[in-house]
Amino acid sequence: MTNILITGANGFVGSALVLKLAAIETGVIRIAIRKPTRIFPNKVEIFEDLELSDNTDWTDALKNIDIVIHCAARAHLLKDNANDPLAEFRKVNTVGTLNFAQQAALAGVKRFIFISSLGVNGAETFSKPFLADDSPHPHSPYAQSKFEAESGLIDLSRTTKMSVVIVRPPLVYGPKAPGNFGVLMRVVNRRIPLPFGRVTNKRSFVFLDNLIDLISICITHPNAANQIFLVSDDEDLSTTQLLEKMGNVFNKSTMLLPIPMFFLNTAAKLAGKTKVAQQLLGSLQVDIEKTKSLLGWSPPFSVDEGLRKTADISTESGQ
591 MTNILITGAN
601 GFVGSALVLK
611 LAAIETGVIR
621 IAIRKPTRIF
631 PNKVEIFEDL
641 ELSDNTDWTD
651 ALKNIDIVIH
661 CAARAHLLKD
671 NANDPLAEFR
681 KVNTVGTLNF
691 AQQAALAGVK
701 RFIFISSLGV
711 NGAETFSKPF
721 LADDSPHPHS
731 PYAQSKFEAE
741 SGLIDLSRTT
751 KMSVVIVRPP
761 LVYGPKAPGN
771 FGVLMRVVNR
781 RIPLPFGRVT
791 NKRSFVFLDN
801 LIDLISICIT
811 HPNAANQIFL
821 VSDDEDLSTT
831 QLLEKMGNVF
841 NKSTMLLPIP
851 MFFLNTAAKL
861 AGKTKVAQQL
871 LGSLQVDIEK
881 TKSLLGWSPP
891 FSVDEGLRKT
901 ADISTESGQ
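The opening residue of the sequence shown carries number 591 in my numbering; numbering runs sequentially from there.
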């Protein structure tokens with residue numbers, strides 16, 4: 591029996607992880623949150639009023655816990671009004687995480703699984719995909735705070751008996767996914783014309799259930815200890831290909847106008863939307879051979895299956 595503590599259980603990844611582990615694990619499933627915003631299975635133990643800070647006392651939440659899965663974070667904000675965004679991200683994602691992890695090690699936790707970000711590797715790939723062991727190039731205050739947390743956790747693993755596992759996902763999609771992915775699916779479903787018929791980039795994505803499956807493997811797999819893993823669906827797509835696949839799951843032809851990428855990039859720069867253009871037109875690929883070989887893992891769901899499950903739920907809920 592393995593006793594597991596999950597943070598960030600109100601979030602997109604954390605909530606799905608709780609549901610899966612509550613269904614398959616025989617040990618304690620405990621969550622640490624500020625306030626519950628969801629309904630959790632009856633077997634889940636809930637510890638409230640806990641937030642990531644430099645002085646939070648995690649003693650009660652960590653009692654008799656074997657594995658921590660740390661999903662909680664101060665996430666990207668569309669409009670960050672902080673005078674010093676990096677300082678605000680560090681308070682939560684770096685200092686808060688390391689305070690939590692240090693207490694976990696003292697409490698006898700055997701493994702600390704940290705859900706980080708592909709942004710630690712960088713914002714864009716060009717001639718080759720990112721590897722898990724590439725030199726980090728965090729491209730934003732959020733990614734920098736995650737990288738600093740990673741570094742502190744690795745140091746902690748060297749001085750304590752607690753092993754650390756770091757997982758860096760790219761864009762995660764699935765039913766009710768936050769952000770632009772859900773917006774694109776709704777646009778495709780409504781057959782709204784889009785100017786992305788000639789985009790030749792390559793991007794990696796990960797279906798939520800694939801990510802949850804990998805995290806589940808990392809709980810007990812001996813080869814996961816003190817490793818950094820990248821994760822994806824193992825099928826890279828251009829924006830054009832992604833939109834076409836979205837259309838296929840809705841059984842609708844896509845309205846993709848064949849506008850050259852040069853004109854799209856130029857228009858984005860003039861409109862001050864270079865970040866959006868990078869996400870839609872730039873490449874961001876990951877190589878998951880290390881993950882597959884060390885853990886004997888492969889994504890249980892294909893991109894087509896992931897999109898179909900996402901579309902089915904979105905249609906049912908009227909999104």
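Beta carbons: idealized from backbone N, C-alpha and C, even for Gly.
| query | result |
| --- | --- |
| DSSP beta-bridge partners of VAL685 | Per DSSP, none; premise fails for VAL685. |
| Selection from LYS736, GLU834 and PRO728 that minimises the alpha carbon distance to VAL777 | GLU834 |
| Completely contained beta strand (DSSP E) runs for the stretch 745-783, where each covers 3 or more residues | 753-758 and 761-763 |
| Secondary structure of ARG664, DSSP reduced to three states | coil |
| Three CB pairs or more closer than 8 Å across the stretch 832-847 and the stretch 757-765 | no |
| Residue range of the unbroken beta strand (DSSP E) whose run includes GLN868 | Here GLN868 belongs to no beta strand (DSSP E); instead the alpha helix (DSSP H) covers 864-871. |
| VAL754 versus LEU854 - alpha carbon distance | 42 Å |
| THR856, buried or exposed, once every other Cβ within 10 Å from all chains shown has been counted against 16 | exposed |
| Burial state of GLY908 (16 or more Cβ within 10 Å) | Note on GLY908: pLDDT 47, under 50, position unreliable in the model; the coordinate value appears next. Result: exposed. |
| Local Cβ density within 10 Å of ARG793, reported as buried at 16 or more and exposed below that | buried |
| Own chain residues within Cβ distance below 6 Å of ALA733, not counting five before or after | SER707, GLY709 and VAL710 |
| C-alpha distance - PHE797 paired with PHE602, whole-angstrom precision | 12 Å |
| Supposed close pair SER828, THR790 - CB separation, criterion 8 Å | 6 Å |
| VAL618 vs GLU635 beta-carbon contact at 8 Å | yes |
| Between the CA atoms of LEU804 and GLN868 - distance to the nearest angstrom | 28 Å |
| Top-ranked residue by Cα proximity to LEU721, from ALA691, GLN817 and GLN831 | GLN817 |
| Nonlocal neighbours in the same chain, by C-beta distance under 7 Å from LYS751, ignoring five residues either side | none |
| Outcome for SER822 when other beta-carbon atoms lying within 10 angstroms are tallied against a minimum of 16 | buried |
| Proximity winner among ARG788, LEU860 and LEU884, relative to ASN813 (alpha-carbon distances) | LEU884 |
| 8 Å contact criterion, which ILE623 and LEU640 should meet: CB distance rounded | 7 Å |
| Boundaries of the beta strand (DSSP E) in which THR597 is found, first to last residue | 594-597 |
| Close beta carbons around LEU897, own chain, < 7 Å, minus the five adjacent residues each side | LYS835, MET836 and VAL839 |
| Touching by the beta-carbon criterion (3+ pairs, under 8 Å), the stretch 644-660 and the stretch 623-633 | no |
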